[in-house]
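K.L.:
I'd like to ask you about the structure that follows.
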Amino acid sequence: MGIGHREEWITVGETRIPTLIGGRGDPLLVLHGAGGHRGWRRFVAGLAERFTVYAPTHPGFGTSDSADWMESIDDLARFYLWFLDEVGLARVHLLGHSIGGWTAAEMAVMDPWAIDRLVLVAPAGLKPDHGEILDVFYYPPDQLLPMTVHDPSTIPEWAELFGTPPTREQLDIALRNRETTARLTWKPYMFNPRLSHFLPRVKTPTLIVWGRQDRIIPVVCGEQYARGLANARLHVMEDCGHLPPIEKPAEFTALVLAFLDARQESLG
Amino acid sequence: MKLYYFSEMPHHEYADEEGEKYPSLRLAFPNTNFSPEKAAGNYRRYLEEYEFADQAGFDGLMVNEHHSTPSCVNVSANMSAAILARTTRRAKILLLGNILPIQDNPVQMAEQIAMVDLISGGRVLSGFVRGVGVESWWANSNPVHNRERFEECHDLIIKCWTAPGPFRWEGRHYHFRHVNPWCLPLQKPHPPIWVPGTASPETAVWAGGMGYTYVPFLVSFEVARELYDYYRQGAAEAGRTVTPDNLGFLICAVAADTKDAALEAGRHFVWRMGPTLRGPIEYFSPVGMRSRAATQFALRARSVSLATMSYEELVDNYHIIAGTPDEVAERFARVQRELGIGHLLLEAQESRMDHATTMRSIELMGRSVIPAMTSL
């Protein structure tokens, strides 16, 4: 994991957000989930071996500026399309996890040409045909955390991420992340009833990744995305919950690199 | 000091062990435990008690509203108020109150309150509340918008009552192209506005700035004084003078012929201090509903939870007043001296307190407590 990274503040309209940038190769935008930006994790470092990763913190999360005028995930999608303009990226690979995956899907239906290859990791955004998306706001954070993963004991970065009691500052940020998530996803809860109608527009090669034991968003949503998108494949990881990049970093990174590299090979 | 009669219209008609199986009596306790037959009788009974309180001389009848909970099955303050508007003659009808942030149609709310004011002959005191989180869940209303919606809903209701229609309203949360309610309140410029408080300094400052009557619920004298200070700060910023008429306080109270009987009856109030407030913080204060300042104030104000207090402590701390009429009058007078208030709201029936006990308490208060309050 020798590739270094830096933090840059990117200004989009009236909103400034910190963005971790590092790696080499074609640009890859990584959008985090409702839990917030978890830093330069193993899977990011792994992806940065072959791609130049841009990993911003969403507005209203972490130390980013607030954007209280935003009401929905499609606002966040428009924000990130603008972000690409500001950074000067005409066409990127895009990887989004959970609500970041939902954001990525909305970006794809808004501007398919901005995205080269798309990776959706347990994305919210669709109403499950069966089952329900867990109401994450109904549970205290300490009860919720174990529900997000399959088996903490198998997670290499568990202790680093969750092993010590959070500091006051971390608690404030966690609360801010939850508030912004509520602002963007409250009703309809965690889905956009119009999104499925637009998915067929997206011909972008797409990899959908899901944990078989995801207790937050049912795997059936992955099947729905795979059916709705014109050129998508669903890969279900065994013994894995809602956080595949954290729970199985090596397997996840290899899977994503193989998918993204397939393009480079075909071009080569 | 004026006295107000209040019942939450509880539905404590199931075995307590059933309720204890769930994380909370609110939201999570299945309504298969609701008994329509019992409720039908209870509604008639509770309304009779309100009507008797009017006859007994209470200055006001307070009604409230909650949802998805056996602690209060009054599901519409306006509906109860409309009934009392016809069946009572004299007392003010205090709605405390309508839960503004969860309303999707403030114009209809303005019409309904105006209609109650008209039917009652101008007896409405119109309380506006933000609601506990349970109500936001019930309405699926985004708690992040709770305060903004409260203020905007309030502004639109006041405009409905005071500005000639038709007019247009394009706000952040409410959008109406043709506002022209053909039902306006009898009281001018509009019914007095009341606002309760439990923990939010912003609400106290806001109420003070607006000159509304402000009523902390079931807090210690110390916390109440601190909230009144916030209220005074808001009033001062707006150049308003604060009088006892601006300040109220809510406690639980019951009178009986003997002290022992009263203390026995008063135990019914313990249910609302603990069991009905049990549950995850997420139910009562979902993310984004409270500001950081309110969260911090709540931690201090509720540093000793009502649920952890013994019955004796609740009585000692004036959260519950139970005694003979003389004892009750003496304690009410103490509350008045401590807080300098003009309105004392009595949660006077709760849990399984029976009809006879409730009626006797109302009768005793009417006979000797209320007359003793007029000089305060």
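Taken in sequence, the protein lines are chains A and B.
By this note's numbering, the letter at position 76 of the first sequence is numbered 76, and the numbering carries on one by one without gaps.
By this note's numbering, the letter at position 369 of the second sequence is numbered 1369, and the numbering carries on one by one without gaps.
Just so you know, even glycine gets a beta-carbon here, dropped at the ideal spot from N, CA and C.
Given the structure is predicted, the values throughout are model-derived calculations rather than measurements.
Taking C-beta to C-beta, are F1006/B and L1346/B nearer than 8 Å?
P.N.:
Contact flag set, yes.
K.L.:
When you compare only the Cα positions, how much space is there between R233/A and I208/A?
P.N.:
Rounded to whole angstroms, R233/A to I208/A spans 6 Å at the Cα level.
K.L.:
Give the single residue among D1326/B, V1270/B, L1344/B and R1300/B whose Cα lies nearest to the Cα of T1308/B.
P.N.:
Closest option to T1308/B, Cα to Cα, is V1270/B.
K.L.:
Considering only DSSP beta bridges, list what T206/A is partnered with.
P.N.:
Paired residues: L118/A and A232/A.
K.L.:
Please report the residue range of the alpha helix (DSSP H) in which Y1230/B lies.
P.N.:
F1221 to E1237 is the extent of the alpha helix (DSSP H) around Y1230/B.
K.L.:
Does P1166/B pass the burial test, meaning 16 or more other C-beta atoms within 10 Å, or should it be called exposed?
P.N.:
When all chains shown are included, P1166/B counts as exposed.
K.L.:
Taking the alpha-carbon positions, what's the A34/A to S1141/B distance?
P.N.:
C-alpha separation (whole angstroms): 20 Å.
K.L.:
Can you check DSSP and say which residues form a bridge with V1124/B?
P.N.:
Paired residue(s): I1093/B.
K.L.:
With respect to the beta strand (DSSP E) encompassing P18/A, which residues constitute its N-terminal and C-terminal limits?
P.N.:
Where P18/A is concerned, the enclosing beta strand (DSSP E) stretches over T15 to G23.
K.L.:
Locate the alpha helix (DSSP H) running through Q1055/B, then write down its first and last residues.
P.N.:
Per DSSP, Q1055/B belongs to the alpha helix (DSSP H) from P1036 to A1056.
K.L.:
From P18/A to G62/A, what distance separates their C-alpha atoms?
P.N.:
Going from the Cα of P18/A to the Cα of G62/A covers about 9 Å.
K.L.:
Do you know how far the Cα of W158/A is from the Cα of G101/A?
P.N.:
Rounded to the nearest angstrom, the two C-alpha atoms are 22 Å apart.
K.L.:
Measuring only the C-alpha atoms, how far is D68/A from S1035/B?
P.N.:
Roughly 44 Å between the two C-alpha positions.
K.L.:
Return the chain-ordered list of same chain residues with a C-beta closer than 7 Å to the C-beta of E1363/B, the five sequence neighbours on each side being excluded.
P.N.:
Correct list, in chain order: A1056.
K.L.:
Does W1194/B come out as helix, strand or coil in the three-state DSSP assignment?
P.N.:
W1194/B falls in the strand class under three-state DSSP.
K.L.:
By the 7 Å beta-carbon criterion, what residues does the segment 178-192 of chain A contribute toward chain B?
P.N.:
Against chain B - using a Cβ distance shorter than 7 Å - the residues of the segment 178-192 of chain A are R178, E179, A182, R183, W186 and K187.
K.L.:
Just to confirm the assignment, what range does the alpha helix (DSSP H) spanning F1150/B have?
P.N.:
Counting along the chain, the alpha helix (DSSP H) containing F1150/B begins and ends at N1146 to T1162.
K.L.:
Go to E7/A, then tell me how far its beta strand (DSSP E) extends in each direction, as first and last residue.
P.N.:
From DSSP, the beta strand (DSSP E) with E7/A extends over H5 to V12.
K.L.:
Taking only runs of the beta strand (DSSP E) that begin and end inside the segment 1308-1356 of chain B, which ones reach a length of at least 3 residues, in chain order?
P.N.:
If we require 3 residues or more, the beta strand (DSSP E) runs fully inside the segment 1308-1356 of chain B come out as 1320-1323 and 1343-1349.
K.L.:
Of all the options T1243/B, H1355/B, Q1296/B and H1268/B, which has the alpha carbon lying nearest to the alpha carbon of Q1336/B?
P.N.:
Closest option to Q1336/B, Cα to Cα, is T1243/B.
K.L.:
Give a yes or no on whether the minimum CB-CB distance between G1288/B and chain A is below 8 Å.
P.N.:
Yes, G1288/B lies at the interface with chain A (some Cβ there is under 8 Å from its Cβ).
K.L.:
Quick one: any contact between the segment 1289-1303 of chain B and the segment 194-204 of chain A, if contact means 3 or more CB pairs under 8 Å?
P.N.:
Segments in contact, no.
K.L.:
Distance, Cα to Cα, S266/A vs R1172/B?
P.N.:
Note that S266/A scores a pLDDT of 47, beneath 50, so its modelled location is shaky; the value from the coordinates is reported in the next line. Straight-line Cα distance between these residues: approximately 50 Å.
K.L.:
In angstroms with no decimal places, state the Cα-to-Cα distance between T1198/B and P244/A.
P.N.:
Approximately 43 Å, taken between the alpha carbons.
K.L.:
Taking only three categories from DSSP, how would you classify Y138/A?
P.N.:
Residue state, collapsed to three classes: helix.
K.L.:
According to DSSP, is S196/A part of a helix, a strand, or is it coil?
P.N.:
Reduced to three states, the DSSP call for S196/A is helix.
K.L.:
How is N1098/B classed by DSSP in three states: helix, strand or coil?
P.N.:
Strand, per DSSP.
K.L.:
Apart from the five residues just before and just after Y1122/B, which ones in its own chain have a Cβ nearer than 6 Å to its Cβ?
P.N.:
One detail in the question is off: residue 1122/B reads as Gly in this sequence, not Tyr. Cβ neighbours of G1122/B beyond the five flanking positions: L1186 and Q1187.
K.L.:
To the nearest angstrom, how far is the alpha carbon of D151/A from that of T180/A?
P.N.:
Cα-Cα distance, rounded: 28 Å.
K.L.:
Going by CA-CA distance only, name the one from P1030/B, R1090/B, M1359/B and N1078/B that's closest to N1098/B.
P.N.:
Nearest of P1030/B, R1090/B, M1359/B and N1078/B to N1098/B, Cα basis: N1078/B.
K.L.:
Within the continuous alpha helix (DSSP H) that includes Y1283/B, where are the two ends?
P.N.:
Per DSSP, Y1283/B belongs to the alpha helix (DSSP H) from I1281 to F1284.
K.L.:
Contact criterion: CB-CB distance below 8 Å. Does T259/A meet it with respect to chain B?
P.N.:
For the sequence presented, residue 259/A should be read as Phe rather than Thr. Judged by the 8 Å Cβ criterion, F259/A is not in contact with chain B.
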